[in-house]
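Student: The structure is given below, and queries will be raised subsequently.
There are 4 protein chains.
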Amino acid sequence: MAALSPVMDVAGVEAFLRAEFPQVSDDYTVAAIGPGTATIRMEPDHRHLRPGGTISGPTMFSLADCAVYLAIIAHVGPEALAVTTGASIDFMRKPAAGKALVADVTLLKLGRGLAVGDVAITSEGVSGLVARATLTYSRPRA
Amino acid sequence: MAALSPVMDVAGVEAFLRAEFPQVSDDYTVAAIGPGTATIRMEPDHRHLRPGGTISGPTMFSLADCAVYLAIIAHVGPEALAVTTGASIDFMRKPAAGKALVADVTLLKLGRGLAVGDVAITSEGVSGLVARATLTYSRPRA
Amino acid sequence: MAALSPVMDVAGVEAFLRAEFPQVSDDYTVAAIGPGTATIRMEPDHRHLRPGGTISGPTMFSLADCAVYLAIIAHVGPEALAVTTGASIDFMRKPAAGKALVADVTLLKLGRGLAVGDVAITSEGVSGLVARATLTYSRPRA
Amino acid sequence: MAALSPVMDVAGVEAFLRAEFPQVSDDYTVAAIGPGTATIRMEPDHRHLRPGGTISGPTMFSLADCAVYLAIIAHVGPEALAVTTGASIDFMRKPAAGKALVADVTLLKLGRGLAVGDVAITSEGVSGLVARATLTYSRPRA
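Chains as they are written, first to last, in this note's numbering: chain P, 2 to 143; chain D, 2 to 143; chain V, 2 to 143; chain H, 2 to 143.
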């Protein structure tokens, strides 16, 4: 595909995050935006824990979903709302308790109808991915 | 497969939910437990909303994940922790704002190693499924 | 959603299958078409076997993909081509060697842009599903 | 995770492929084996085509499934059979007609119970991925 170029920078995406996702914006930070990519960092707190002390799967899903959404916004601007139409996620190993999660997004497709993003989630201090996900968004027609 | 029989009833699973998932137990109710099935109901509040006023995808994922977990527990007892290893979810239509979501779980497999549950999510007043998901859990070896 | 009504019957879908999928039409039979549903039957032969004598996962994926495609065609007519945009599949237990597979499709969504179908695959003589899949198709804009 | 090291080389995996997958070994070539990775190449022929002239989704699924299987074998040896328990696949763009497909596998997990591999599929002459998939295998207990 043609090389993707972001149209918003870290500060712009961060401002969008704070305005549109107040529920999570205390936990999430926009760490980097690049051509076809975005990195979102999350500091987990007690609300995200699962029996056994690990970070819950839904917490990682939320991070993955938001991270791809922000990656799309970074490349198309704060457009009329894209909606998630499907997702798959695999959980490979336990995140370290109390450590940050880092979601690295690669946009695989940014079409007029559908956008697809792949997410690799790592946990600081853990070797290998803790989760990977792919999310598909449907973009509204102009 | 051999017919599945629950080993816990609604009250037992509800008690387990309150003890193990205090973060969500205000929102979730165990509505029914049957052979190979479970129904979990969720009353959404403002914390679950997404830009545009709809219930967020991660909220539905959380419900699906918890609902399958509870369905497994209902059939094997409150065992050492099963962990989610993978999930897929499709979002078909918008839930009605402010209405309850109902997650109907069917256990597709309850093996010694893996358990697989299928979830159909409906929104009160909306015709057709709002989401469907399949979740796989790995069960610890005795 | 509004109730779905098929616009083609078993004979019509069968004719479409023979014309458009000559590679598989010796193996597949259209067993039933109903409102929002379709049942496709497959007689496996040696080409579908995997080391160990079981029917291969890709063979079941092919059946699931074709079955949802035929279910869509049955409800919209032999339209300009829909393309698969995503799929998830879970394999729960081994099919019986040499026995027919039956794919029961339920259309979960049949929108102007996306169609989503759920498939339950059973193997004659095996209790419980051998596989389940969900497939998403993007429909071309008129 | 600990760094993965293959225990078989390209020639060894190729020999395994020819012995165990005679149905596809005319079409597939083992192009590379590395630490945690494998590259499998496929030359499509007319049997893989879909209405419209493109390579079918099931053909890409088959390639992805076989490629992850071979990547696992390359790292554990030709062991008692691992079985696919689940998969997700996204199709992003059309492969070029008549051109080779290349499947690059990265093993995300190679545990005693489960192995997870991610696959990126490219089509010669097409920019961007044509498909991505993740497959989970359950490994038999010794």
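Just so it is clear, CB atoms sit at the ideal spot from N, CA and C, and this is done for glycine as well.
1. Counting only C-beta atoms, is L108(H) closer than 8 Å to chain D at any point?
2. Between which two residues does the alpha helix (DSSP H) containing R19(D) stretch?
3. Counting pairs of beta carbons, one from the region 121 to 134 of chain D and one from the region 80 to 90 of chain D, are three or more of them closer than 8 Å?
4. Starting from T137(P), follow its DSSP beta bridges and name the residues at the other end.
5. Would the region 36 to 43 of chain H and the region 92 to 105 of chain H be scored as touching if the rule is three or more Cβ pairs under 8 Å?
6. Hey, is V117(D)'s beta-carbon within less than 8 Å of any beta-carbon in chain V?
7. Would T123(H) count as contacting chain V if we go by Cβ distances under 8 Å?
8. Measure the C-alpha to C-alpha separation of M93(H) and I56(V) and round it to an integer number of angstroms.
9. Determine, for P59(V), whether the minimum Cβ-Cβ distance to residues of chain H falls below 8 Å.
10. Compute the distance between the beta-carbons of L71(H) and L5(H), then report whether it is under 8 Å.
11. In this structure, how does DSSP classify T1(D) when only helix, strand and coil are distinguished?
12. Please confirm whether any heavy atom of the ligand GTP lies closer than 7 Å to the CB of T40(D).
13. On the DSSP bridge assignment, give the partners of L102(H) in chain order.
14. Hey, could you find the ends of the alpha helix (DSSP H) T60(V) is sitting in?
15. What's the gap between the Cα of D28(D) and the Cα of V8(H)?
16. So does the region 15 to 28 of chain H actually touch the region 19 to 27 of chain V, counting three or more Cβ pairs closer than 8 Å?
17. Counting C-beta neighbours from all protein chains within 10 Å, is the total for P141(P) 16 or more, i.e. buried, or is it exposed?
18. Would you please state the rounded distance, in angstroms, between the beta carbons of I73(V) and A65(V)? I believe it to be under 8 Å.
19. Rounded C-beta distance between L115(H) and Y138(H)? I'm assuming under 8 Å.
20. For T38(D), decide whether its Cβ has a neighbour in chain V, counting only Cβ atoms nearer than 8 Å.
21. Chain D partners of I41(P), CB-CB under 8 Å?
22. Per DSSP, E33(V) is paired with what?
23. Along the region 80 to 96 of chain P, where does the CB come closer than 8 Å to a CB of chain H? Name the residues.
24. Going along the region 4 to 33 of chain D in order, which residues come within less than 8 Å of chain B, judged by CB to CB distance?
25. Could you tell me the alpha carbon to alpha carbon distance between F62(H) and A16(D), rounded to whole angstroms?
26. So, helix, strand or coil for A132(H), using DSSP?
27. Measure from the C-beta of G114(V) to each C-beta in chain P and report whether the shortest distance is under 8 Å.
28. Buried or exposed: where does D119(P) fall if 16 or more other Cβ atoms within 10 Å of its Cβ makes it buried?
29. Nearest-angstrom Cα distance between V31(P) and V127(P)?
30. Look at the alpha carbon of V77(D) and the alpha carbon of A98(P), and state the distance between them as a whole number of angstroms.
31. What is the C-beta distance between S124(P) and P79(P), in whole angstroms, given that I count them as a contact (C-beta under 8 Å)?
32. Chain H partners of T137(D), CB-CB under 9 Å?
33. If you draw a straight line from the alpha carbon of R113(D) to that of G129(V), how long is it in whole angstroms?
34. Judging by CA-CA distance, which residue of G13(H), D46(H) and V117(H) is the nearest neighbour of A33(H)?
35. Taking 8 Å as the CB-CB cut-off, is D46(V) touching chain H?
Tutor: Concretely, from the data shown:
1. Closer than 8 Å: no.
2. Note, R19(D): alpha helix (DSSP H), V11 to E21.
3. Segments in contact, yes.
4. Looking at the DSSP assignment, T137(P) forms a beta bridge with G87(P) and V117(P).
5. Cβ pair count under 8 Å is three or more, so yes.
6. Taking a beta-carbon distance threshold of 8 Å, V117(D) counts as an interface residue toward chain V.
7. Against chain V, the CB of T123(H) has no partner CB under 8 Å away; the residue lies outside that interface.
8. Note on geometry: alpha-carbon atoms of M93(H) and I56(V) lie some 28 Å from one another.
9. At a cut-off of 8 Å between beta carbons, P59(V) contacts chain H.
10. With contacts defined as CB atoms closer than 8 Å, L71(H) and L5(H) fail to qualify as a contacting pair.
11. Past the edges of chain D, shown from 2 to 143, lies residue 1(D), and the structure says nothing about it.
12. Absent from the structure shown: the ligand GTP. Ligands present: none.
13. L102(H) is bridged by DSSP to M43(H) and S124(H).
14. Its alpha helix (DSSP H) spans residues G58 to V77.
15. About 51 Å.
16. Counting Cβ pairs under 8 Å, fewer than three are found: no touch.
17. The residue in question, P141(P), is exposed, as its Cβ has fewer than 16 Cβ neighbours within 10 Å.
18. Between the beta-carbon of I73(V) and that of A65(V) there is about 13 Å, and that puts the pair past the 8 Å contact cut.
19. With 8 Å as the limit, L115(H) and Y138(H) qualify as a contact, their Cβ atoms being about 7 Å apart.
20. So, not an interface residue.
21. Per Cβ cutoff of 8 Å: no residues; I41(P) is ~14 Å from chain D at best.
22. Looking at the sequence itself, residue 33(V) is Ala, so the reference to Glu does not match. DSSP lists T40(V) as partners of A33(V).
23. Flagged, chain order: S89, D91, M93 and R94.
24. Looking at the structure shown, chain B is missing, and the protein chains on hand are P, D, V and H.
25. Roughly 43 Å separates the two Cα atoms.
26. A132(H): strand per DSSP, three-state reduction.
27. Output row for G114(V): interface = yes.
28. If you draw a 10 Å sphere on the C-beta of D119(P), you find 16 or more other C-beta atoms in it, and that means buried.
29. V31(P) and V127(P) have their C-alpha atoms some 21 Å from each other.
30. Distance between the alpha carbons of V77(D) and A98(P): 27 Å.
31. That pair is no contact at about 30 Å.
32. Within chain H, the C-beta atoms nearer than 9 Å to that of T137(D) come from T86, G87 and T137, in chain order.
33. Approximately 16 Å, taken between the alpha carbons.
34. It is G13(H) whose Cα lies nearest to the Cα of A33(H).
35. Interface residue (Cβ-Cβ distance to chain H less than 8 Å): D46(V) is not classified as such.
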